[in-house]
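As structure tokens, the structure follows; a few thoughts come after it.
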Amino acid sequence: MGKFDDLRKDFPMLERQVNNKPFIYLNSAATTLKPRQVVEAMDTYYYTYGGTINRGVDSVGYEATLAYEAVRTQVAEFIGAKDPNTIVFTRGTTTSINMIASSFGELIIEAGDEIVVCLSEHHANYIPWQQLAKRKGAKLILAPLNDFGGVTPEGLQSVLSAKTKIVGLHHISNVLGSHNDVKRLAELTHEVGAYFVVDGAQGIVHEAVDVTDMDCDFYAFSAHKMVGPTGVGVLYGKAELLAKMPPTEFGGEMNHIVDIYDTSFKDAPHKFEAGTMMIAEVIGMGAAISYIEAIGIQAIHDHVSALREYAVEQLKQVANIEIYNEHNHSSGIITYNHIGIHPHDAATVYDREGISMRSGHHCAQPLLTWLHQPATLRMSLYLYNNKADVDQWIVAAKQADSFLDALF
Numbered sequence: 033m034g035k036f037d038d039l040r041k042d043f044p045m046l047e048r049q050v051n052n053k054p055f056i057y058l059n060s061a062a063t064t065l066k067p068r069q070v071v072e073a074m075d076t077y078y079y080t081y082g083g084t085i086n087r088g089v090d091s092v093g094y095e096a097t098l099a100y101e102a103v104r105t106q107v108a109e110f111i112g113a114k115d116p117n118t119i120v121f122t123r124g125t126t127t128s129i130n131m132i133a134s135s136f137g138e139l140i141i142e143a144g145d146e147i148v149v150c151l152s153e154h155h156a157n158y159i160p161w162q163q164l165a166k167r168k169g170a171k172l173i174l175a176p177l178n179d180f181g182g183v184t185p186e187g188l189q190s191v192l193s194a195k196t197k198i199v200g201l202h203h204i205s206n207v208l209g210s211h212n213d214v215k216r217l218a219e220l221t222h223e224v225g226a227y228f229v230v231d232g233a234q235g236i237v238h239e240a241v242d243v244t245d246m247d248c249d250f251y252a253f254s255a256h257k258m259v260g261p262t263g264v265g266v267l268y269g270k271a272e273l274l275a276k277m278p279p280t281e282f283g284g285e286m287n288h289i290v291d292i293y294d295t296s297f298k299d300a301p302h303k304f305e306a307g308t309m310m311i312a313e314v315i316g317m318g319a320a321i322s323y324i325e326a327i328g329i330q331a332i333h334d335h336v337s338a339l340r341e342y343a344v345e346q347l348k349q350v351a352n353i354e355i356y357n358e359h360n361h362s363s364g365i366i367t368y369n370h371i372g373i374h375p376h377d378a379a380t381v382y383d384r385e386g387i388s389m390r391s392g393h394h395c396a397q398p399l400l401t402w403l404h405q406p407a408t409l410r411m412s413l414y415l416y417n418n419k420a421d422v423d424q425w426i427v428a429a430k431q432a433d434s435f436l437d438a439l440f
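Take any residue in the sequence shown, note its place counting from 1, add 32, and you have its number in our numbering.
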């Protein structure tokens, strides 16, 4: 057994059965499985120092605060941020991008300004900008897609202008796995005086991220895409931009003084973390980062990339298959359809064989319109998958084609 096969024991869900078949998980682009180490870290918090943070002087609360803030420093180091105070804990990527749009966006966007996105964005990095443009009388501009569903520097440059104020693009697409050269795109964005926002939900999973070298203005991601818990994520923002942004939620522990008619707020990041935060989940995210770092992000990337290449070659041998992202090797995502069969029907056959994967529009309806498809199948690989998983998926793919062909 190789190193990655040995890691499978850390993921108890892989021991279960579905429909009396061994469970095969091929839906990691939606959410990853959680290793024992992450769950145990959260249990330790709940069982031994499960107080709240930044409140009072009790010992348990102090321990919880130290653990919570240690993860902030850990995240900063993980993504190459120089200052832990540029790390805001949120409920996830969606919350992070909405926070940028409703705070920073409201602050700088005026009527006639332009916001650049592209059709291959997840709804979480599309709708907030679409709605901000509507509220402010700004214009939503679409950067052209290349054949792989990404945005090239030349493509972005073709739509940038003096009116551009914000560019919001993905690092890696959640549907096609297309990889954007975010460092170069940030550079071009800054040349016209605009701000660059990166949806890093898929990017953080598959490659080392250095926001300082990238020089993005904001970078957002979720823990649950990287073997961490649900309900917690990160917004990185440059210090000077976070300082300008007003908070979007109000409540306890994000203020200095609450007067009868006015309130003064703490500095970032705490002014953005109102109320009792998701303490256990933050601690679990720290354990997830430790888990990934112990394996090595490059080793994970190489494992997933090789497995994806094998999977694509096997899928090409199945009859009546259309693959939409054959050559996008930056992630473990393969998006495809059985010709003449609705993806939901096909997914039902896969599930019957114990295989969990995604069917639908993947929260990217504009992209599906671009593909001229109402929906697709998406399988996505991660560190706990192996060739045996792929081989069984191929067996199910052949069964889906023959079973549904006979049925209809």
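Glycine included, each C-beta is placed from N, C-alpha and C at the ideal position.
Simplified DSSP state of residue i, which is helix, strand or coil
| i | result |
| --- | --- |
| Arg87 | coil |
| Thr408 | strand |
| Gln49 | strand |
| Gly269 | strand |
| Phe180 | coil |
| Pro44 | helix |
| Ala73 | helix |
| Ala102 | helix |
| Asp231 | strand |
| Thr196 | strand |
| Phe121 | strand |
| Ala175 | strand |
| Met33 | Here the model assigns Met33 a pLDDT of 47, short of 50, so the residue's position is not dependable and the matter cannot be decided. |
| Tyr25 | Residue 25 falls outside the range modelled here, since the chain spans only 33 to 440, and no answer is possible. |
| Tyr5 | Absent from the model: residue 5. The displayed extent of the chain is 33 to 440, so no value can be given. |
| Ile371 | coil |
| Asn59 | strand |
| Arg68 | helix |
| His203 | coil |
| Pro116 | helix |
| Ile141 | coil |
| His155 | helix |
| His238 | helix |
| His211 | strand |
Residues of its chain near residue i, where Cβ-Cβ distance is below 8 Å and the 5 sequence neighbours each way are ignored
| i | result |
| --- | --- |
| Glu305 | Val120, Phe121, Glu285, Met286 |
| Pro375 | Asn369, Ser391, Gly392, Ala407, Thr408, Leu409 |
| Asp115 | Ala108, Ala271 |
| His302 | Asn86, Glu285, Met286 |
| Glu72 | Ala319 |
| Ala379 | Met389, Arg390, Ser391, Leu409 |
Sequence-distant residues of its chain with Cβ nearer than 6 Å to residue i (five each side left out)
| i | result |
| --- | --- |
| Met33 | Any reading at Met33 must be qualified, since the residue scores a pLDDT of 47, below 50, and its modelled position is unreliable; the value itself is stated next. Nothing meets the Cβ criterion. |
| Ala61 | Asn206, Ile365, Ser412 |
| Pro44 | none |
| Tyr251 | Val230, Gly232, Val243, Tyr268 |
| Met310 | Gly263, Val264 |
Where the beta strand (DSSP E) through residue i begins and ends
| i | result |
| --- | --- |
| Phe253 | 250–254 |
| Ser296 | 295–297 |
| Glu146 | 146–150 |
| Glu354 | 353–355 |
| Ile159 | Run containing Ile159: none in the beta strand (DSSP E); it sits in the alpha helix (DSSP H), 159–168. |
| Val290 | 287–290 |
| Gly392 | 390–392 |
Cut-off 7 Å between Cβ atoms - residues of its own chain near residue i, not counting five sequence neighbours on either side
| i | result |
| --- | --- |
| Gln346 | Val422, Ile426 |
| Phe136 | Leu273, Met277 |
| Arg340 | His361, Gly364, Ile366, Leu413 |
Limits of the unbroken alpha helix (DSSP H) element including residue i
| i | result |
| --- | --- |
| Ala343 | 329–347 |
| Tyr382 | 375–384 |
| His222 | 214–223 |
| Thr401 | 397–403 |
| Gly187 | 185–189 |
| Thr244 | 243–246 |
Check whether residue i and residue j have beta carbons under 9 Å apart
| i | j | result |
| --- | --- | --- |
| Gly307 | Arg123 | no |
| Gly169 | Glu142 | yes |
| Thr64 | Lys257 | yes |
| Leu39 | Leu403 | no |
| Gly225 | His203 | no |
| Ala319 | Val70 | yes |
| Ala233 | Leu201 | no |
| Asn59 | Leu208 | no |
| Tyr382 | Pro67 | no |
| Glu239 | His333 | yes |
| Tyr78 | Ala312 | yes |
| Tyr81 | Ala102 | no |
| Asp433 | Asn352 | yes |
| Thr280 | Ser91 | no |
| Phe36 | Ser388 | no |
Inspect the CB distances between the stretch 155–170 and the stretch 139–147 and report whether three or more fall short of 8 Å. With a cut-off of 8 Å, the stretch 139–147 and the stretch 155–170 count as touching, because enough Cβ pairs lie within range.
Cβ contact (3+ pairs, closer than 8 Å) linking the stretch 317–332 and the stretch 342–356: No, the stretch 317–332 is not in contact with the stretch 342–356.
Validate contact between the stretch 213–225 and the stretch 184–193 using beta carbons, cut 8 Å, 3 pairs: Yes, the stretch 213–225 touches the stretch 184–193.
Could you say if the stretch 288–303 and the stretch 242–252 meet the contact criterion of at least three C-beta pairs nearer than 8 Å? Touching, no.
Evaluate the contact criterion for the stretch 127–146 versus the stretch 174–183: three or more CB pairs, one atom per stretch, below 8 Å. Judged by Cβ distances under 8 Å, the stretch 127–146 makes no contact with the stretch 174–183, as fewer than three pairs qualify.
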